[in-house]
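Mapping of the sequence shown onto the working numbering: position 393 corresponds to residue 660, and the numbering continues sequentially without gaps. Written out below as structure tokens is the structure these notes cover.
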Amino acid sequence: MALHKGTLAIFENNVGVSDAVLLEPLTETVFLENLKERFKHDQIYTYIGSVVVSVNPYTKLPLYTPAVISEYRSRNMYELPPHIYSIADDAYRSLRDKNLDQCIIISGESGSGKTEASKLIMQYISEVSGKGQEIDRVKEQLLQSNPVLEAFGNAKTHRNDNSSRFGKYMDIEFDFRGDPVGGVITNYLLEKSRVAVQMNGERNFHVFYQLLAGADIDTLKALKLSRNHDNYEYLLRSGCSQVDSMNDKENYRITTKGMQIIGFQDEEIFSTFELIATILKLGNLEFIHRGNLDGTDGCEINSKYEMEDVCELVDYPVDLMTAALTQKSVETRGDRVTVALNTADATYARDALCKAIYSRLFSWLVSRINDSIKVKGRVQTKVMGVLDIYGFEVFERNGFEQFIINYCNENLQQLFIELTLKEEQEEYVKEGIEWIHVEYFNNAVICDLIEKNNVGILAMLDEECLRPGKVTDSTFLNKLNQTCCNHLHFESRGCRKNQSDRSLPHDAFRLRHYAGNVTYHVTGFVEKNNDLLFRDLSRAMYSCGHPLLKKLFPEASPEEVRGYTYQQWSPLPMLPDNEGNPEKKNRKRPATAGSQFKLSVAELMKNLQSKNPNYIRCIKPNDGKVAGVFDVHLVKHQVRYLGLMENVRVRRAGYAFRQLYSQFLYRYKMLAPQTWPQWKGEPVDGVKVILSALNISKEEMAFGETKIFIRNPRTLFDLEERRRERMHGLAVDIQKTWKGYRQQKLYKKMKISQIVIASRFRCFWARKCFLKKKKSALIIESYARGMKARKLLAQLREERRIYLAAIVIQKYARGWRVRKNYRKLFRKNAAPKIIRYLRIALRKRFLLRLRDNLPSESPSFKDWPKCSWLYKEASEELRQIFHKWRCRNYRQKFNQSEQWSMQEKVAASDLFKGRKATYRRSVPHPFKGDYLNLQQNLKWKKLCEQTHDKYMVFADIVMKINRANGKMVQQLFVISTQAILIIDHRTMSVKYRIPVSQIRSISLSPFLDKLVFFHLKKQDNGDILSKKGDFIFSSDHVIEIVSKAYLLIKNISEKPPDVIIATQFCAEFKGSNLEVTFKQTPITPELSPGAVRIQRKGSHFEVLVQPRSAQTSISTDTLNGDSKQHAQVAVN
268 MALHKGTLAI
278 FENNVGVSDA
288 VLLEPLTETV
298 FLENLKERFK
308 HDQIYTYIGS
318 VVVSVNPYTK
328 LPLYTPAVIS
338 EYRSRNMYEL
348 PPHIYSIADD
358 AYRSLRDKNL
368 DQCIIISGES
378 GSGKTEASKL
388 IMQYISEVSG
398 KGQEIDRVKE
408 QLLQSNPVLE
418 AFGNAKTHRN
428 DNSSRFGKYM
438 DIEFDFRGDP
448 VGGVITNYLL
458 EKSRVAVQMN
468 GERNFHVFYQ
478 LLAGADIDTL
488 KALKLSRNHD
498 NYEYLLRSGC
508 SQVDSMNDKE
518 NYRITTKGMQ
528 IIGFQDEEIF
538 STFELIATIL
548 KLGNLEFIHR
558 GNLDGTDGCE
568 INSKYEMEDV
578 CELVDYPVDL
588 MTAALTQKSV
598 ETRGDRVTVA
608 LNTADATYAR
618 DALCKAIYSR
628 LFSWLVSRIN
638 DSIKVKGRVQ
648 TKVMGVLDIY
658 GFEVFERNGF
668 EQFIINYCNE
678 NLQQLFIELT
688 LKEEQEEYVK
698 EGIEWIHVEY
708 FNNAVICDLI
718 EKNNVGILAM
728 LDEECLRPGK
738 VTDSTFLNKL
748 NQTCCNHLHF
758 ESRGCRKNQS
768 DRSLPHDAFR
778 LRHYAGNVTY
788 HVTGFVEKNN
798 DLLFRDLSRA
808 MYSCGHPLLK
818 KLFPEASPEE
828 VRGYTYQQWS
838 PLPMLPDNEG
848 NPEKKNRKRP
858 ATAGSQFKLS
868 VAELMKNLQS
878 KNPNYIRCIK
888 PNDGKVAGVF
898 DVHLVKHQVR
908 YLGLMENVRV
918 RRAGYAFRQL
928 YSQFLYRYKM
938 LAPQTWPQWK
948 GEPVDGVKVI
958 LSALNISKEE
968 MAFGETKIFI
978 RNPRTLFDLE
988 ERRRERMHGL
998 AVDIQKTWKG
1008 YRQQKLYKKM
1018 KISQIVIASR
1028 FRCFWARKCF
1038 LKKKKSALII
1048 ESYARGMKAR
1058 KLLAQLREER
1068 RIYLAAIVIQ
1078 KYARGWRVRK
1088 NYRKLFRKNA
1098 APKIIRYLRI
1108 ALRKRFLLRL
1118 RDNLPSESPS
1128 FKDWPKCSWL
1138 YKEASEELRQ
1148 IFHKWRCRNY
1158 RQKFNQSEQW
1168 SMQEKVAASD
1178 LFKGRKATYR
1188 RSVPHPFKGD
1198 YLNLQQNLKW
1208 KKLCEQTHDK
1218 YMVFADIVMK
1228 INRANGKMVQ
1238 QLFVISTQAI
1248 LIIDHRTMSV
1258 KYRIPVSQIR
1268 SISLSPFLDK
1278 LVFFHLKKQD
1288 NGDILSKKGD
1298 FIFSSDHVIE
1308 IVSKAYLLIK
1318 NISEKPPDVI
1328 IATQFCAEFK
1338 GSNLEVTFKQ
1348 TPITPELSPG
1358 AVRIQRKGSH
1368 FEVLVQPRSA
1378 QTSISTDTLN
1388 GDSKQHAQVA
1398 VN
């Protein structure tokens, strides 16, 4: 039969054979050579029927780009070269189109690439499924769960830099459209012993190194940590802290970002890292021996600072935590006895606590992730499970963890055998298909050896752990020797058949697994299977103030915590009644780790068997994790224990596809005219009609009792291609019918609409024409009425005009007659009355216009309405009255202080406007008076009480001029209501006190200088002031000083002092009269305008003043005081 178009390119561009079923000849050597040849050309995927064999390349290949995903989307498995995307797409389309739950089982030994394979499947499902805000959120959360769980659950081992140290099974749930709506993650057996102990060359879990490398300084400081790995015992023991293939700093950023995207709050993330830091700090605790009084061995903690950091991180008292780590409580017959721990027991208790904290923290993380990614609401879903579980492990020294891991792999291998080898061959026999049996190794006997009730290794381990008396690993091994000695797959030195086998240690037993022989050392089996934590430590963790620890240790109920005391320390604090969970209190011995894992594996197998399986078999090409190296012997070993050759033989001898007749008929009935759209006969007859119509060779198919079997996958793909094209044709027919129906319906609707529109339009047009005619009639009618009305109006106007003309004629006639009779009397008396009336009317009009056009009430507003020359004098008088009225209103708005300030400004204007060059600069500045805030000075308060100068008018630092040489000295200048005080500003002692009544006159120059002369009255009573003579001061506020002094003297003596502003005047210094002369000097750039230089020559006192410019000289015509009018009005 010729292949259908689209299936010819299935095996193009391939090296070797892409499907091992097609190998010729089929031998193990040819199979390995085919894998090696494809591996060298970066073709790491090979099919065995529907099973994908993946060889880890240990390098990044350009096989996972969006373009590659687009190529494999909605394509049959054999249309393109083998790829992990192909099996992912096949599983996804089976789930979406056939409504079948799927599971993808990824198996292989450690380092074969299982974790990367699971991430690639998640990436593909995310890309090909639907889009939308909620869907993208779910996808992102599902994808981000991988790096978070890898950080807390993966570690570097000898075989893999990113080895999964826990099992993970994720159920991704889809809605009816095939869009992801949520998921559930199940974890299996975290290798928590790695927290405390690692083999040389291996590392602890990734999160410890990520936290130290990636967290910022503030975070590390808050967690009591430093970046150096060597500071922590749990990270130092293995001797390996750096991995070349991993960037811990970048991975920390990815982990924290992933936790935020999943939905972790910042407080939860920090609390998680607090517990990680607590584990590192607990690992640094050192216990030293201490002898007790009763002769028993005890211990005490030597690392006090580390202990304080631990207690601060978990919020728990140091003494109680110390007691929990160095003592344990033993209950016998209702009594509780406290027993001290020796150093070995305390170290064990510390390590057990750290492992318990980490294990429960990991389980909480998985639960927290599940809360975020679970399906919201009640939605019917389909499930795709992805199993990524630890691979088969064989180390130099294998313990309890390797035994449990290999037991799980035995079950997965058994499931693979059941579903791909055994069930398939049994199905051929059941359906009556001719079949030659293919031999294969069935590892069910090994699974029974481990898990069988009562006589299995796990059952005997549990029995030994529960047995009273002294129980050790040796007693467990002896029990195995007695029970399993005759088993073909069990070997031990205690068995007679292996007594001379020196390769087998005395403290170990050997199991012959499907993947090879593994020797297990029994040391630690009993302890790790018990997995017990001292109750004292559990209670202590529950009592901590850390928010997360209370959730991780719920079994310590409030009643237990309240009764928990120590002999040497105070009891634990009482907890509120609503704290804890009393229902968690259980004295029953907890289940062992082995029995728990056995139940988990059984549940996992049951879950996988309920879904349609898809297999990815991962192979590790070499032990050195080197790219491009293919170790044939290592790969051959993996091929053998994975049963790949048996799988190829079964697939080669059997049929690639089988399906119930009814399902086959339902899916492909459209390929034959006789079966479409409905076949009424038996399903098997309908299937034969379809295959006959397609001309498929009889060698390509077989008919069983209930199913049709197709040998070659290409035949199935050809059927699918034909179905796709036929479905496309049916879709075209449906579209054609639907479009015709829709167009017919649209035509009928448009026809009805046209009738409605036409009727509506006719109605509209008729109404429009009627309204137009009506409007025209109204216009014509209105014009006619208007013409008639206008004629009538003209007639009435003419009649009225004649009537009025007659009245006017009558009035003039009567007037003429009256004037003729009374002409003499009218000329004598009426004229004066008319003139007086006119004058009164004109005056009234003038006053009313003035009332309506009064100017602004602002005193500075100068405008006034214009009037006739007849009323100019009255207008001026009214202007002055109005101005005084608005000035009075303006003054009434001032308080007493503002009125006094305004009087000072008016006085300054009267004194200095046009006379003093510095006046113009003082106009816009208010007179402050107390420039030093002297009223609040305590020394001044005392001084004014002594001098009785309580009310102060002015205070500032001024320059006092020496009369003899003209030098200047800073002094405090104060004007009170009684006197002027000259005070030493440093000591606040009064130098001079000049009563205001003693001031005769005040002299200033008209220039820019700041000098003022106070001339005192002469006294004959020998007063010191009379002897000193006149005073000279220099101040920036000279205008304010003179104004205030002027008003003060005027108020006290009722006579203002003389204020002399001249370039030359006389002064009296120490009894002698001097002539004071002011001169302006030539402009000197170094001196500022107004600077003075004083010279005394005998009876001449010369002051040289620096002018503002060369043309500067005092002139009453150039100085301007525009603000005086405003102030003067306020004072008036």
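We put the CB at the ideal spot given by N, CA and C, even for glycine.
- Counting the other Cβ atoms within 10 Å of the Cβ of residue 1203 gives fewer than 16, which makes it exposed.
- Where residue 556 is concerned, the enclosing beta strand (DSSP E) starts and stops at 554-558.
- Excluding the 5 residues flanking it on each side, residue 1305 has same chain C-beta neighbours closer than 8 Å at 1185, 1271, 1277, 1278 and 1279, in chain order.
- Taking every protein chain shown into account, the CB of residue 1231 has fewer than 16 other CB atoms within 10 angstroms, so this residue is exposed.
- Closest by C-alpha distance to residue 1268, out of 490, 1212, 1297 and 435, is 1297.
- Taking 8 Å as the upper bound for CB-CB distance, residue 351 and residue 312 are in contact here, some 6 Å apart.
- Taking a C-beta distance under 9 Å as the contact criterion, residue 1201 and residue 1219 qualify as a contact pair.
- Ranking 516, 740, 757 and 378 by CA distance to the CA of residue 421 puts 378 first.
- Residue 796 is positioned such that its CB atom lies closer than 9 Å to that of residue 729.
- DSSP, reduced to helix, strand and coil, places residue 1223 within a strand of the structure shown.
- In the DSSP assignment, residue 950 falls within the alpha helix (DSSP H) that extends over 950-960.
- Ranked by Cα distance from residue 938, the first of 987, 895 and 971 is 987.
- DSSP places residue 595 within a strand segment (E or B) once states are collapsed to three.
- Buried is the label assigned to residue 426, since at least 16 other Cβ atoms lie within 10 Å of its Cβ.
- Between residue 793 and residue 862, the alpha-carbon positions lie close to 13 Å from each other.
- Inclusion of residue 897 and residue 335 in the CB contact set at 9 Å is not warranted, their separation being larger than that value.
- DSSP places residue 350 outside both helix and strand once states are collapsed to three, so it counts as coil.
- About 7 Å separates the beta carbons of residue 1221 and residue 1307, which is inside the 8 Å limit, making them a contact pair.
- The beta-carbon separation of residue 1248 and residue 1266, rounded to 13 Å, does not stay under the 8 Å limit for a contact.
- For residue 925, the pairing in a beta bridge is given by DSSP as 976.
- Secondary structure note for residue 662: it is in no beta strand (DSSP E), with a DSSP letter that is neither H nor E.
- When the five nearest sequence neighbours on each side are left out, the beta carbons in the same chain lying within less than 7 Å of the beta carbon of residue 1319 are those of 1263 and 1264, in order along the chain.
- Looking at the DSSP output, residue 449 sits in a beta bridge with 440.
- Cβ-Cβ separation between residue 470 and residue 510: approximately 7 Å, consistent with a contact (criterion under 8 Å).
- Looking only at 1005, 316, 324 and 299, the smallest Cα-Cα distance to residue 893 is reached by 324.
- Per the C-alpha coordinates, the member of 1140, 1110, 1150 and 1103 positioned closest to residue 1126 is 1150.
- Boundaries of the beta strand (DSSP E) harbouring residue 969: 968-970, taken from the DSSP string.
- In the structure shown, the three-state DSSP call for residue 496 is helix.
- Taking one beta carbon from each stretch, the region 973-983 and the region 997-1014 have fewer than 3 pairs nearer than 8 Å; the two do not touch.
- The Cβ-Cβ distance between residue 456 and residue 671 falls below 9 Å.
- Look at residue 1017 here: in three-state DSSP terms it is helix.
- Residue 879 and residue 364 have their C-alpha atoms spaced approximately 14 Å apart.
- Within the region 871-913, the complete beta strand (DSSP E) runs of at least 3 residues fall at 879-886.
- For residue 582, there is no enclosing beta strand (DSSP E), as DSSP marks it with neither H nor E.
- Within the region 699-780, the complete alpha helix (DSSP H) segments at least 4 residues long are 711-718, 724-733 and 740-751, listed from N- to C-terminus.
- In this structure, the straight-line span from the alpha carbon of residue 618 to that of residue 553 is close to 12 Å.
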